[in-house]
Amino acid sequence: MSVAAALKARNASALPSRRDEDWRWTDLRGLIRVLPEPSAPFNGIVVKGAFDRLADDHRVLVNGGVTRIEVAADRKAAVALRLIARGAGTHANQVIVSLAAGARLRLLETYESDGGSLAHTALTIALAEGAALERVVLAADHEDAVTISQAQVTLAPTADYGQTLLSSGARRQRLETRVAHPGGRASLRLDGVYVLAGKRHTDHTSVVTHQGLDGTTAQLTKGVVRDQARAVFQGKIIVSEGADHTDARMGHHALILSDRAEVDAKPELEIYADDVACAHGNTVGALDEDALFYACQRGIPEDEARAMLTEAFIGQVVDRIWFEDARKVARAWAAERLRA
Amino acid sequence: MAAVKQTVEHVASLEKYKHGFVTDIEQDFAPKGLNADIVRFISAKKNEPQWMLDWRLDAFERWLAMDEPDWAKVSFPRIDYQDSHYYAAPKEKVGINSLDEVDPDILETYKKLGIPLREQEVLAGVIGSPRYAVDAVFDSVSVVTTFKKELAQVGVIFCSMSEAIREHPELVKQYLGSVVPVSDNYFACLNAAVFSDGSFVYVPPGVRCPMELSTYFRINAENSGQFERTLIIADRQAYVSYLEGCTAPMRDENQLHAAVVELVTMDDAEIKYSTVQNWYPGDPETGKGGIYNFVTKRADCRGDRSKVSWTQVETGSSITWKYPSCILRGEGSSGEFYSIAITNGRQQADTGTKMIHLGANTRSRIISKGISAGKSSNTYRGLVSAHPKAKGARNFTQCDSLLIGKHCAAHTVPYIEARNGHSKFEHEATTTRLSEDQLFYAMQRGLSQEEAVQLLVNGFVKEVLQELPMEFAVEAQKLVAISLEGSVG
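Quick note, the sequences are listed as chains R and V, same order. Each residue of the first sequence is one higher than the one before, starting from 2 at the first, in my numbering. Each residue of the second sequence is one higher than the one before, starting from 14 at the first, in my numbering.
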């Protein structure tokens with residue numbers, strides 16, 4: 002049963018567990034024995050969000066709701082979407098995004114939650130031909146929250162989709178993106194950054210299915226974990242039969258800064274066409290001691306040197322955000338966490 | 014270049030699967046089906062002591078309670094475990110003392126397969142040429158083991174598993190099932206209950222085994238499965254290189270081969286284990302027949318600075334499902350896995366390795382080359398994990414897939430689990446097809462398309478072939494070419 006269906010049926014024993022291949026490192030059933038009560042309606046005041054200044058259309062869903070974002074042909078829009086959980090309850094959000102031909106959208110999304118909350122967000126995103134969407138997600142959850150976000154993205158030929166997930170983890174945090182890629186010179190960028198400390202957990206999962214000729218996918222996720230935190234990266238690229246001339250690259254690189262932190266990765270390729278160029282790379286390791294030594298012997302204090310090196314490491318992903326103002330917000334967010 | 018030329022010539026002269034013949038000999042069979050009585054029958058046939066029978070029956074009980082796994086990326090009709098003979102052996106002549114008493118048909122079979130069973134034949138070659146001892150397993154029994162005396166002089170025990178249970182029970186009791194526990198997985202558990210034969214090797218401390226050891230597995234009987242069990246122990250500072258080969262007749266039915274291989278290395282010991290797997294792959298057009306090769310292979314690097322190196326060339330079997338693994342327990346121990354997996358026709362392979370880093374400063378290296386052609390499917394599945402105590406663990410993984418043709422599939426499914434801040438794991442994978450430019454270049458120099466493909470494929474797998482013992486590398490190279498025959502154009 003899917004997470005959404007299990008929550009709807011209020012059946013904790015139907016939540017995915019480590020026995021489900023897709024959830025082997027993000028066990029929900031073992032964690033949540035009893036579902037929190039449904040979230041109460043929220044009537045309080047919501048403080049400003051990180052992206053409010055960058056968009057004129059503000060959507061705020063507190064403790065569940067539905068919102069539709071539609072952009073007409075050849076129009077431009079910027080939306081700040083906030084998914085907020087107040088109090089220790091369970092709720093679901095639904096977000097439907099559609100872009101007509103040639104439309105452009107900046108979707109700036111934030112997840113904010115209270116301890117004990119359990120929120121599920123289902124996003125359906127569809128891009129028509131020539132449409133372009135950049136989605137920047139800031140998942141700044143409470144350390145005791147459980148947040149599951151599942152996005153289903155459908156692209157038309159020549160569409161352009163870029164995404165950057167920035168997450169600091171939660172008790173369980175899963176950011177899932179599934180993309181139906183038609184080929185036809187549509188291009189896809191799926192990026193992610195995680196900076197975890199304490200006992201936080203994050204899971205970046207993606208499945209990209211190339212269904213037609215001439216598609217490109219560029220994927221890069223980088224993360225830093227400390228303390229007893231745990232990061233999960235699962236990326237899967239499927240190239241269907243006939244989807245020749247697909248160019249797909251996936252990279253996942255993580256730094257583990259403590260002996261009790263954990264990084265689990267599963268970069269997968271599933272290929273049914275022969276004329277393709279697909280590759281993935283995955284590295285997990287400690288901070289480069291040589292680089293640290295070099296910085297220190299140039300007179301930079303060790304803490305500062307570590308911060309510089311990790312920021313540069315993460316910066317490579319942040320720099321790929323197209324929208325400059327969002328990039329600045331992302332960079333500041335990462336720097337703050339790396340220096341904490 | 015000479016090897017490449019030889020390959021090309023060789024391929025031209027060969028039919029597709031040259032080992033598909035059947036040897037017509039009188040055989041003893043266990044009745045079809047699987048129950049506790051069959052387990053007792055096998056144990057009795059082998060004159061096993063009570064402890065061994067108890068071990069088997071316990072395994073059988075556990076197996077009954079297990080479910081067949083289905084997570085691999087392979088598909089096949091459900092296996093009817095009752096529709097197979099679990100024991101098939103050439104009719105035994107009482108007390109074979111020398112090779113002359115072995116059924117001449119069996120000797121002929123091995124001759125046809127090119128496996129030297131007569132020591133003098135091996136010796137007859139050029140002086141100084143590498144020699145290797147062979148344990149020949151025919152269906153459920155080992156028919157002959159060569160060079161036993163010479164090996165015994167240096168203290169190396171090389172014999173069939175049945176003999177080891179009788180002659181060296183203390184070693185078998187100590188190590189059997191200590192690397193792959195009885196209920197490790199469905200097929201290993203089945204093997205523990207019904208295993209018939211296999212090889213046993215013990216290399217004492219400080220001994221470098223003076224020759225290559227090898228086992229040749231042959232399935233001959235119809236409607237039978239082969240369940241061999243191999244156990245190799247390299248004591249402190251010992252070294253042994255071991256090779257297994259296997260073939261089977263061409264039949265329309267699917268036959269199950271569920272083996273268990275356990276390797277144990279102590280301090281500073283090293284085992285090099287090479288496999289050239291050439292079971293009958295099934296009919297390339299219809300996919301009918303062929304061997305189901307569901308094997309559990311695992312090495313336990315118990316000692317500090319010990320090393321295990323797995324090299325495999327997987328060209329046969331209708332379905333290959335195996336993951337030769339290393340448990341890197343000893344400090345500074347290292348594991349290597351070099352693999353070429355080739356699928357053609359309608360073959361399916363889901364193979365890879367597990368490198369489990371438990372000790373500090375352990376190292377592992379994985380080089381996997383998958384080639385899919387025809388309508389086949391080829392999956393690399395691997396796990397690299399580092400325990401919190403495995404500080405300084407280091408892994409490098411490279412898995413490359415090559416696709417030949419429009420209807421084949423190649424998958425890469427690596428799992429990486431890093432649990433400490435002082436380890437370094439690197440993984441890279443690529444999937445491509447043969448380069449048009451390179452093919453064009455080779456062809457405009459006068460090579461035919463097939464020859465050009467072979468040349469490029471040989472280049473693609475070279476890194477792994479280099480790891481094989483010399484004489485087998487040549488053999489494997491030929492096999493690579495044959496396996497891909499008919500895949501182009």
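Ideal Cβ positions, reconstructed from N, Cα and C, are used throughout, including at glycine. Predicted model only: the values in this text are computed from it and were never measured.
- Distance check between Arg172 of chain R and each of R:Ser207, R:Arg328, R:Trp26, R:Arg340 places R:Trp26 closest, using alpha-carbon atoms only.
- From the beta-carbon of Pro427 of chain V, the residues of chain R found nearer than 9 Å are Ala266, Lys267, Pro268, Glu269, His281, Asn283.
- Here Val35 of chain V has Asn233, Pro262 as same chain residues with Cβ atoms under 7 Å from its own Cβ, once five neighbours each way along the sequence are excluded.
- Nearest Cα to Gly216 of chain R within the set R:Pro158, R:Thr311, R:Ala56, R:Val47: R:Pro158.
- Under the three-state reduction of DSSP, Thr311 of chain R is assigned to helix.
- Looking only at R:Val264, R:Glu269, R:His254, the smallest Cα-Cα distance to Ile315 of chain R is reached by R:His254.
- Contacts between Glu305 of chain R and chain V, judged by CB atoms closer than 8 Å, are missing: the closest CB pair is about 20 Å apart.
- The DSSP-derived three-state label of Met263 of chain V is coil.
- In this model, Arg342 of chain V and Asp313 of chain V are separated by some 7 Å (Cα to Cα).
- Listed along chain V, no residue sits closer than 8 Å to Ile126 of chain R by beta-carbon distance, the nearest being about 27 Å off.
- Separation of the CB atoms of Ala5 of chain R and Ala123 of chain R is rounded to 6 Å, and the pair is thereby assigned contact status at 8 Å.
- Distance from Gly358 of chain V to Lys388 of chain V at the Cβ level is roughly 7 Å; contact confirmed, criterion being Cβ atoms closer than 8 Å.
- For the 9 Å CB-CB criterion, Cys412 of chain V and Glu439 of chain V do not form a contact.
- Residue nearest to Arg242 of chain V within the set V:Asn471, V:Ser496, V:Leu226, V:Val150 is V:Val150 (criterion: CA-CA distance).
- Residues of chain V with a Cβ closer than 9 Å to the Cβ of Glu263 of chain R are, in chain order, Pro401, Glu430, Ala431, Arg432, Asn433.
- Within the same chain, Ser385, Ala423, Arg446 come within 6 Å of Leu416 of chain V by CB-CB distance, once the 5 residues on both sides are set aside.
- With a threshold of 9 Å between beta carbons, Ser18 of chain R makes no contact with chain V.
- Excluding residues up to 5 positions away in sequence, Gly238, Tyr305 lie with their Cβ nearer than 6 Å to the Cβ of Leu269 of chain V in the same chain.
- Under the 8 Å Cβ criterion, the region 283 to 295 of chain R does not count as touching the region 159 to 171 of chain R, having fewer than three qualifying pairs.
- By the Cβ rule, the region 197 to 216 of chain R does not count as touching the region 397 to 412 of chain V, because fewer than three pairs are nearer than 8 Å.
- Here Trp84 of chain V carries a coil assignment [DSSP, helix/strand/coil].
- Neighbourhood of Asp260 of chain R in chain V, by CB distance below 8 Å: Pro401, Lys404, Asn433, Gly434, His435, in chain order.
- Spanning the alpha carbons of Gln457 of chain V and Asp450 of chain V requires a straight line of approximately 10 Å.
- Going by C-alpha positions, Ser207 of chain R is about 56 Å away from Glu180 of chain V.
- Lys77 of chain R is bridged by DSSP to R:Arg105.
- Classified as buried, Ile246 of chain V has 16 or more neighbouring CB atoms from the shown chains inside 10 Å of its CB.
- Here Val52 of chain V has Arg69, Leu70, Phe73, Ala206, Val207 as same chain residues with Cβ atoms under 7 Å from its own Cβ, once five neighbours each way along the sequence are excluded.
- Residue pairing of Ala255 of chain R in beta bridges, as defined by DSSP: R:Gly224, R:Val285.
- Contact note: Val277 of chain R reaches chain V through Leu416, Thr444, Thr445, Arg446, using a C-beta cutoff of 9 Å and chain order.
- Close to chain R, meaning a Cβ-Cβ distance shorter than 9 Å, is no residue of the region 317 to 334 of chain V at all.
- For Ile70 of chain R, not one C-beta of chain V is nearer than 9 Å to its own C-beta.
- Neighbours of Ala423 of chain V in chain R, taken as residues at a C-beta separation under 8 Å, are given in chain order as Leu270, Ile272.
- Ranked by Cα distance from Val195 of chain V, the first of V:Glu176, V:Asp67, V:Gly418 is V:Asp67.
- DSSP, read as helix, strand or coil, puts Ser377 of chain V in strand.
- Not a single C-beta of chain V is nearer than 9 Å to the C-beta of Ala308 of chain R.
- Closest in C-alpha terms to Val277 of chain V, from the list V:Asp296, V:Pro297, V:Glu464, V:Val253, comes V:Val253.
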